[in-house]
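Numbering-wise, this note's numbering comes out as the position in the sequence shown, counting from 1, plus 445.
Glycine included, every Cβ here is placed at the ideal spot set by N, Cα and C.
The structure appears below as structure tokens.
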Amino acid sequence: MMHTEIAFANERAVIADMLINLLTNVRLTYLPDLEPADAHELLLTGAHVLIAQLGSQPATATEISRVIGRPRDVVTQRLGELIERGYVELRGNRYEMTTKFNVPNLQRHMRSNISMIQAAAKQLGAAHP
């Protein structure tokens, strides 16, 4: 059924489905004991730690706060949770991912995520050649 009142409805549905599946996959890989709503800020915080570390330099809590749009005290709490779980460590005033981030079966997890992205891209490409 075409939803003409929603612009690019089919494309949005493909992207939304991919996003939900990716978030579910990542949550189940790193935070399987948490419900989706509880894992959201941890995943967002951890994602920025990773991006900053792979970029110019590891991030501070203030930088993460600014990027993800959450108060610094909330970000500091989430970073503390990630430290407790062993995924992040504090070096000086900057946060870095630990080797625990390299979970067992990492290649399988990455292939699954890449496949989801490729399938969505194929669907979107078919809709707009």
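### Q563 versus Y540 - alpha carbon distance
31 Å
### Message
To the nearest angstrom, how far is the alpha carbon of R553 from that of M561?
### Response
12 Å
### Message
If you reduce the DSSP assignment to three classes, tell me which class Y540 lands in.
### Response
strand
### Query
What distance in whole Å lies between the Cβ atoms of V494 and A506, which are believed to be in contact at a cut-off of 8 Å?
That pair is no contact at about 10 Å.
### Query
When we look at the beta-carbon of V459 and count the other beta-carbons within 10 Å, is it buried (16 or more) or exposed?
buried
### Message
Beta-carbon within less than 7 Å of T490's beta-carbon, same chain only, minus the 5 sequence neighbours each way: which residues are those?
### Response
I509, I513, V520, R523, L524 and L527
### Message
For E486, tell me which candidate among R515, L473, L535 and Q502 has the shortest Cα-Cα distance.
### Response
R515
### Task
Less than 8 Å between the CB atoms is what I'm expecting for R457 and I451, so what's the real figure, rounded?
7 Å
### Message
Please report the straight-line C-alpha distance between R511 and S557, rounded to a whole angstrom.
### Response
31 Å
### Task
Might you give, ordered along the chain, the residues of its own chain that have their beta carbon closer than 8 Å to the beta carbon of Y532, omitting 5 neighbours on each side?
Y475, G491, M542, T543, K545 and F546
### Query
Using DSSP with H/G/I as helix, E/B as strand and the rest coil, what is L535?
strand
### Task
Please name the residue in Q498, I559 and L551 whose C-alpha comes closest to that of E534.
Q498
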